[in-house]
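Colleague:
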Amino acid sequence: MVSWCPVRRTTGPSRTPRTHMAQVYQFFIASALVIMLSPTVAAQNRPQPPPGAMGVEEAKALAQGWAFLAQGRIEEAADRASSMLAGNPRGGAALILAVEVGIARGGPLAGLAEYERWLGRRAMEEPAVLRRIARATLRELGAQQQDPTARIEALRRLADEGETVAAGELEQAASGGGSAETRALASLGDERAVKTLIAEMDTGSGGVTTIDALGASGSPLAAASLVGRLEDPRPEVRGAAVQALGKLGDPKLVPRLTPMLSDGNAYVRVKAAGALFRLRDYSGLPMLQELMRDPSPSSRLAAAEAMASSPDASWIALVRELTGASQPEIRAAAACLIGPHDPELGLSVLETLAADENPAIREMATRGLGEVVSSDLTTLRRLMKNADRLTRVRAAARVLALTL
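Numbering (this note's numbering), first residue to last: 1483 to 1886.
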């Protein structure tokens, strides 16, 4: 049985600084307001711009384009952006207007299409423009209702950016959301949602997905309810509870987990060894080391997943080997595991699998792309067009993190 790998966040390289285009963007928004509020500014009072600065007529035309956009005259704004880009195909200020018009017309994907037309074959990305598209992507995904997990994560990322509207929507979801929203919020550590799931567990409801959300929360409040599920007759529930307890990170739980190494089900025993390993208790390590040498790729993958919290050279070598396994589901899981350590390899494997003829494999690979953290803006730009909503959320969030 292949279990899906968790999201792992890694620290990327130093953040990309804002380019001059960010300041240009702010300037033209202000200029558009000036055009609307003071249309009769005397031309003779304007100082001549210094050499190299944008000419007065160009600045006026661009500001008028922003004014059209602010007034909802989208087509006139689009015409202004197009004419300016026709005269100066590499004009960055006109590009920003064109991207904003694209977003207003058809959402962030349309804005991204405008940017990619401008970019052509250039290798250098414009971080300020990508940042604007990423923010629009998160806003769009924070408004949709089809994927609660993607919605909640998008709202959280926007709230982290200081958007008060997103923070308010998160609060509303916490107080009146459905079960999917509650699990998503709990997995992000929301205390109210955690308490709601604990109440479900204490009444006997709440299955593996609820247990997984409580484990992802990292909340010590969940410990007692999870310990209670260690006696469940279903091995999948016991295994999920064991794994969730390991994710809580409390060494005091070791005495509760150690007896599970003797569980009658091999799946539960491996999960127990992995949970203890995460808590720096190595009583299950011999079992995991034996699995690492097992001829079955599935067994070796189970060992790799159990030991992923503290990877060493032998672990890296094992997971690299598994990215070449004959079974596509093994390759997908291994690519997700290796992603934080070798994003290029992880992305390469997953992008190949995303074109697999089997729709189930394509879905695994697509979701896995969102798990692999990349620090390459070109890769992230591509992922912001992915069909999977959660992948787009994570790619957009990563762009924001890299372009502060």
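Note that the Cβ used here is the ideal one computed from N, Cα and C, for glycine as well.
(1) Excluding sequence positions up to five away, which residues of its chain have a Cβ less than 7 Å from the Cβ of residue 1765?
(2) Using beta-carbon positions only, say whether residue 1831 and residue 1632 come within less than 7 Å of one another.
(3) Evaluate residue 1611 with the Cβ neighbour count: other Cβ atoms within 10 Å of its Cβ, from every protein chain shown; 16 or more gives buried, anything less gives exposed.
(4) Report the option in 1711, 1797, 1783 whose CA atom is closest to the CA atom of residue 1808.
(5) Compute the Euclidean distance between the alpha carbons of residue 1525 and residue 1593, then round it to the nearest angstrom.
(6) What's the gap between the Cα of residue 1656 and the Cα of residue 1627?
(7) With the cut-off set at 7 Å, would you say residue 1649 and residue 1636 are in Cβ contact?
(8) Over what stretch of residues does the alpha helix (DSSP H) that includes residue 1481 continue unbroken?
(9) Here's the rule: buried if 16 or more other CB atoms are within 10 angstroms of the residue's CB, otherwise exposed. What is residue 1672?
(10) Helix or strand or just coil, what does DSSP make of residue 1853?
(11) Starting from residue 1865, trace the alpha helix (DSSP H) in both directions and tell me its first and last residue.
(12) What is the DSSP secondary structure of residue 1810, reduced to helix, strand or coil?
(13) Less than 6 Å between C-beta atoms, sequence neighbours within five positions excluded: which residues of the same chain meet that for residue 1846?
(14) In chain order, what residues of the same chain have a beta carbon less than 6 Å from the beta carbon of residue 1878, not counting five sequence neighbours either side?
(15) When we look at the beta-carbon of residue 1493 and count the other beta-carbons within 10 Å, is it buried (16 or more) or exposed?
(16) Is the distance from the Cβ of residue 1675 to the Cβ of residue 1691 below 7 Å?
(17) Please determine, among 1689, 1679, 1595, the residue with the shortest C-alpha to C-alpha distance to residue 1699.
(18) The alpha helix (DSSP H) that contains residue 1684, what's its start and end?
(19) Taking 6 Å as the limit between beta carbons, can you name the residues of its chain near residue 1756, skipping five residues before and five after?
(20) Between residue 1689 and the rest of its own chain, which residues show a CB-CB distance below 8 Å, the 5 nearest in sequence each way excluded?
(21) Of all the alpha helix (DSSP H) runs that stay within the bounds of the stretch 1705 to 1775, which reach a length of 4 or more residues?
(22) Report all residues from its chain with a CB closer than 6 Å to the CB of residue 1639; omit the five preceding and five following residues, and keep chain order.
(23) Where does residue 1670 fall in DSSP's three states?
(24) What is the DSSP secondary structure of residue 1494, reduced to helix, strand or coil?
(25) Please report the straight-line C-alpha distance between residue 1870 and residue 1844, rounded to a whole angstrom.
(26) Please report the residue range of the alpha helix (DSSP H) in which residue 1577 lies.
(27) Quick check: is any heavy atom of the ligand NAD less than 6 Å from the C-beta of residue 1586?
(28) If we ignore side chains and look at the alpha-carbon of each, how far apart do residue 1883 and residue 1853 end up?
(29) How close, in whole Å, do the beta carbons of residue 1587 and residue 1556 come, if the pair is a contact with beta carbons under 8 Å?
(30) Buried or exposed: residue 1752, going by 16 or more other Cβ atoms within 10 Å of its Cβ?
(31) So what does DSSP say about residue 1846, is it helix, strand or coil?
(32) Rounded C-beta distance between residue 1572 and residue 1543? I'm assuming under 8 Å.
(33) By Cβ distance, which residues of its chain are closer than 6 Å to residue 1579, with the 5 residues on each side in sequence left out?
(34) Sorted by chain position, which residues of the same chain lie with C-beta nearer than 7 Å to residue 1860's C-beta, five sequence neighbours on each side aside?
(35) Could you check if residue 1694 is buried or exposed, using at least 16 other CB atoms within 10 Å of its CB as the buried criterion?
Modeller: In brief:
(1) Position 283 of the sequence shown, counted from the first residue, corresponds to residue 1765. Within the same chain, Cβ atoms closer than 7 Å to the Cβ of residue 1765 are found at 1740, 1743, 1758, the five residues on either side in sequence being excluded.
(2) On the sequence shown, residue 1831 is found 349 positions in, with the first residue counted as 1. On the sequence shown, residue 1632 is found 150 positions in, with the first residue counted as 1. Result no, Cβ atoms of residue 1831 and residue 1632 do not sit closer than 7 Å.
(3) Position 129 of the sequence shown, counting from 1, holds the residue named residue 1611. Buried, by the Cβ-count rule.
(4) Counted from its first residue, the sequence shown places residue 1808 at position 326. The candidate whose alpha carbon is nearest that of residue 1808 is 1783.
(5) Here residue 1525 refers to the residue found at position 43 of the sequence shown. Here residue 1593 refers to the residue found at position 111 of the sequence shown. Here the model assigns residue 1525 a pLDDT of 49, short of 50, so the residue's position is not dependable, and the following value carries that caveat. About 34 Å.
(6) Looking up residue 1656 in the sequence shown gives position 174. Looking up residue 1627 in the sequence shown gives position 145. Cα atoms of residue 1656 and residue 1627: separation of roughly 15 Å, rounded to the nearest angstrom.
(7) As a first step, residue 1649 must be located in the sequence shown, where it is residue number 167. As a first step, residue 1636 must be located in the sequence shown, where it is residue number 154. Not closer than 7 Å, so no.
(8) No answer is possible for residue 1481: the residues shown for the chain start at 1483 and end at 1886.
(9) Position 190 of the sequence shown holds residue 1672. In the assembly as shown, residue 1672 is a buried residue. Its beta-carbon has 16 or more other beta-carbons within 10 Å.
(10) For the purposes of this step, residue 1853 is taken as residue 371 along the sequence shown, with counting starting at 1. Correct three-state label for residue 1853: coil.
(11) Taking the sequence shown and counting its residues from 1, the one referred to as residue 1865 is at position 383. Element bounds for residue 1865: 1859 to 1865.
(12) In the sequence shown, residue 1810 corresponds to position 328, counting from 1. In the three-state reduction of the DSSP assignment, residue 1810 falls in the helix class.
(13) Position 364 of the sequence shown, counted from the start, is the residue given in the question as residue 1846. 1814, listed in sequence order.
(14) Walking along the sequence shown from the start, residue 1878 turns up at place 396. So the qualifying residues of the chain are 1616, 1619, 1620, 1866.
(15) Walking along the sequence shown from the start, residue 1493 turns up at place 11. Any reading at residue 1493 needs caution, since the residue's pLDDT is 39, under 50, leaving its predicted position unreliable; the model's value is listed next. Exposed, since its Cβ has fewer than 16 Cβ neighbours within 10 Å.
(16) Stepping through the sequence shown from its first residue, residue 1675 is reached at position 193. Stepping through the sequence shown from its first residue, residue 1691 is reached at position 209. Contact check for residue 1675 against residue 1691 fails: the beta carbons are separated by 7 Å or more.
(17) Against the sequence shown, residue 1699 aligns to sequence position 217. The candidate whose alpha carbon is nearest that of residue 1699 is 1679.
(18) Sequence index remark: in the sequence shown, residue 1684 carries index 202 (1-based). Run containing residue 1684: 1673 to 1684, per the alpha helix (DSSP H) assignment.
(19) As a first step, residue 1756 is located in the sequence shown; it is residue number 274 there, counting from the start. Short of 6 Å from the beta carbon of residue 1756, and not among the five residues preceding or following it, lie these beta carbons of its own chain, in chain order: 1788.
(20) Translated into the one-based positions of the sequence shown, residue 1689 becomes position 207. 1719, listed in sequence order.
(21) DSSP runs (the alpha helix (DSSP H)) wholly in the stretch 1705 to 1775: 1705 to 1710, 1717 to 1730, 1736 to 1739, 1748 to 1760, 1767 to 1774.
(22) On the sequence shown, position 157 is the one that residue 1639 refers to. Cβ neighbours of residue 1639 beyond the five flanking positions: 1620, 1879.
(23) Within the sequence shown, residue 1670 is the residue found at index 188, counting from 1. Residue state for residue 1670 is assigned as coil, using DSSP reduced to three classes.
(24) The count along the sequence shown starts at 1 and reaches residue 1494 at position 12. With a pLDDT of 42 at residue 1494, under the threshold of 50, the modelled position of that residue is not reliable, and the figure given next carries that caveat. Here residue 1494 sits in coil by DSSP.
(25) Mapped onto the sequence shown, residue 1870 falls at position 388. Mapped onto the sequence shown, residue 1844 falls at position 362. Distance between the alpha carbons of residue 1870 and residue 1844: 11 Å.
(26) Sequence index remark: in the sequence shown, residue 1577 carries index 95 (1-based). From DSSP, the alpha helix (DSSP H) with residue 1577 extends over 1574 to 1588.
(27) Absence of the ligand NAD is noted for the structure shown, with no ligands found whatsoever.
(28) Along the sequence shown, one-based indexing puts residue 1883 at 401. Along the sequence shown, one-based indexing puts residue 1853 at 371. When rounded, the separation of the alpha-carbon atoms in residue 1883 and residue 1853 is 16 Å.
(29) Here residue 1587 corresponds to residue number 105 of the sequence shown, with the count starting at 1. Here residue 1556 corresponds to residue number 74 of the sequence shown, with the count starting at 1. The pair is a contact, with the Cβ atoms about 6 Å apart (cut-off 8 Å).
(30) As a working mapping, residue 1752 is identified with position 270 in the sequence shown. When all chains shown are included, residue 1752 counts as buried.
(31) Taking the first residue of the sequence shown as position 1, residue 1846 is located at position 364. For residue 1846, the three-state secondary structure derived from DSSP is helix.
(32) Locating residue 1572 in the sequence shown gives position 90, where the first residue counts as 1. Locating residue 1543 in the sequence shown gives position 61, where the first residue counts as 1. Actually they are not in contact, since the Cβ atoms of residue 1572 and residue 1543 sit about 17 Å apart, beyond 8 Å.
(33) As a first step, residue 1579 must be located in the sequence shown, where it is residue number 97. Around residue 1579: 1547, 1563.
(34) On the sequence shown, residue 1860 is found 378 positions in, with the first residue counted as 1. Around residue 1860: 1607.
(35) The residue given as residue 1694 occupies position 212 in the sequence shown. So residue 1694 ends up on the buried side.
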